[in-house]
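Below is one structure, written out as structure tokens, with a few remarks after it.
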Amino acid sequence: MSDWVLITGGSRGIGAATAQRCAAAGWDVAINYAQDSAAAEALAAGLHASGRRVLTLQADVADAAQVSAMFERLDAAGGRLAGLVNNAGIVAPAMRLHEMTLERWRRLLDVNVVGTLLCCQQAARRMSTARGGQGGAIVNLSSRAAEYGSAGIYVDYAATKGAVDTLTRGLGRELISEGIRVNGVRPGIIETDIHANSGMDASGASSTIPIQRLGRPEEIAEAIVWLLSDAASYTVGTMLDVAGGR
Ligand code: NAP
Numbered sequence: 035m036s037d038w039v040l041i042t043g044g045s046r047g048i049g050a051a052t053a054q055r056c057a058a059a060g061w062d063v064a065i066n067y068a069q070d071s072a073a074a075e076a077l078a079a080g081l082h083a084s085g086r087r088v089l090t091l092q093a094d095v096a097d098a099a100q101v102s103a104m105f106e107r108l109d110a111a112g113g114r115l116a117g118l119v120n121n122a123g124i125v126a127p128a129m130r131l132h133e134m135t136l137e138r139w140r141r142l143l144d145v146n147v148v149g150t151l152l153c154c155q156q157a158a159r160r161m162s163t164a165r166g167g168q169g170g171a172i173v174n175l176s177s178r179a180a181e182y183g184s185a186g187i188y189v190d191y192a193a194t195k196g197a198v199d200t201l202t203r204g205l206g207r208e209l210i211s212e213g214i215r216v217n218g219v220r221p222g223i224i225e226t227d228i229h230a231n232s233g234m235d236a237s238g239a240s241s242t243i244p245i246q247r248l249g250r251p252e253e254i255a256e257a258i259v260w261l262l263s264d265a266a267s268y269t270v271g272t273m274l275d276v277a278g279g280r
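If you use our numbering, the sequence shown closes out at 280, no skipped numbers anywhere.
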């Protein structure tokens, strides 16, 4: 039996690529998703061939009770939780500040920031060497938007990712004394469904990126799996930009 990694939003996009890469690296993989059970089950079916244990776990990461129940279902499966990837994240339709609503801001903050906090808290309770755990690694998905600010399209989304950066630096310093390494990855513009869901056509952005193309989910997964691994044993509280020079 190997160690579990839990990937929130692991059913599609960057999360799904990370689940595949983690299984190949020898992790047992728990795939969280919010709604699209068909995507989660299809991914899991493919991963069974890796010989690793695979679990699909429905939960809205913004909901404390659902997050708690998700970690308990993982506990019940047996084995050690050694990795957490806080990948679940949303954007909202592109618009300027004056059009945005309070409801939109609350949902972005709840999923992208509170969801990350809730999952870090649950994972840390299990991993902490101060609480009988054996340590672990956490990787938070931020965005290059945290630095650019996404003016005119979604400054609110960018602000939630700025919060993820700060949280990652702080928790990195707080939890390393308990054997938990916390780091983050800041993707540039990656080929996933997230852009269509915000009404944006990302394909035209290639010319604005020094490498002259969008990134692939697998290219982000490589960075995440490295940060989870012992190869990154001295990397703590760091944000790794994987953005084609953007
Ligand atoms: P995506 O293709 O839209 O996939 C999102 C995943 O998150 C899905 O598995 C979705 O599950 C899940 N999810 C959404 N809301 C959730 C919730 N409340 N609780 C649990 N799961 C939830 O996204 P992506 O492009 O791969 O992005 C992954 C992460 O990278 C996000 O944090 C995003 O902000 C960040 N990022 C992406 C880009 C990019 O260009 N793609 C750039 C920078 C940063 P369902 O299908 O069940 O809803």
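Glycine included, C-beta positions come from ideal geometry on N, C-alpha and C.
Fill in: Residue(s) in a DSSP beta bridge with residue 170
In the sequence shown, residue 170 corresponds to position 136, counting from 1. DSSP output for residue 170 lists 214 as bridge partner(s).
Worksheet item: Relative to the ligand NAP, is the shortest distance from any of its heavy atoms to the C-beta of residue 95 smaller than 6 Å?
Response: Your numbering for residue 95 matches position 61 in the sequence shown. For the ligand NAP, at least one heavy atom lies less than 6 Å from the Cβ of residue 95.
Discussion item. Output needed for residue 58: all residues of its chain with C-beta closer than 8 Å, excluding positions within five of it in sequence on either side, in chain order.
Written reply: Along the sequence shown, one-based indexing puts residue 58 at 24. Result list for residue 58: 84, in chain order.
Practice prompt. Report the residue ranges of all beta strand (DSSP E) runs contained in full by the stretch 172-234; include only those spanning at least 3 residues, in chain order.
Written response: 214-221
Worksheet item: Which residues in the same chain as residue 206 place their Cβ atom closer than 6 Å to its Cβ, once the five residues preceding and following it in sequence are excluded?
Response: Looking up residue 206 in the sequence shown gives position 172. So the list reads 216, 270, 271, once near-sequence residues are dropped.
Discussion item. Does residue 120 pass the burial test, meaning 16 or more other C-beta atoms within 10 Å, or should it be called exposed?
Written reply: The sequence position of residue 120 within the sequence shown is 86, counting from 1. Residue 120 should be labelled buried.
Practice prompt. Please confirm if the stretch 242-258 is in contact with the stretch 183-202, defined as three or more CB-CB distances below 8 Å between the two stretches.
Written response: no
Item to complete: Would you mind working out which of 183, 109, 132, 175 sits nearest residue 161, comparing C-alpha positions?
Response: The count along the sequence shown starts at 1 and reaches residue 161 at position 127. For the residues 183, 109, 132, 175, the minimum Cα distance to residue 161 belongs to 109.
Item to complete: Specify, as a first and last residue, the run of the alpha helix (DSSP H) that residue 119 falls within.
Response: Indexing the sequence shown from 1 puts residue 119 at position 85. Here residue 119 belongs to no alpha helix (DSSP H); instead the beta strand (DSSP E) covers 115-120.
Fill in: Every unbroken beta strand (DSSP E) within the stretch 65-150, with a cutoff of 3 residues, ordered by chain
88-92, 115-120
Item to complete: Could you tell me whether any non-hydrogen atom of the ligand NAP is closer than 6 Å to the CB of residue 162?
Response: The count along the sequence shown starts at 1 and reaches residue 162 at position 128. No, since every heavy atom of the ligand NAP falls outside the 6 Å radius drawn around the Cβ of residue 162.
Practice prompt. Using 10 angstroms around the beta-carbon of residue 246, count the other beta-carbons present and answer buried if the total reaches 16, otherwise exposed.
Written response: On the sequence shown, position 212 is the one that residue 246 refers to. By the 10 Å Cβ count, residue 246 comes out exposed.
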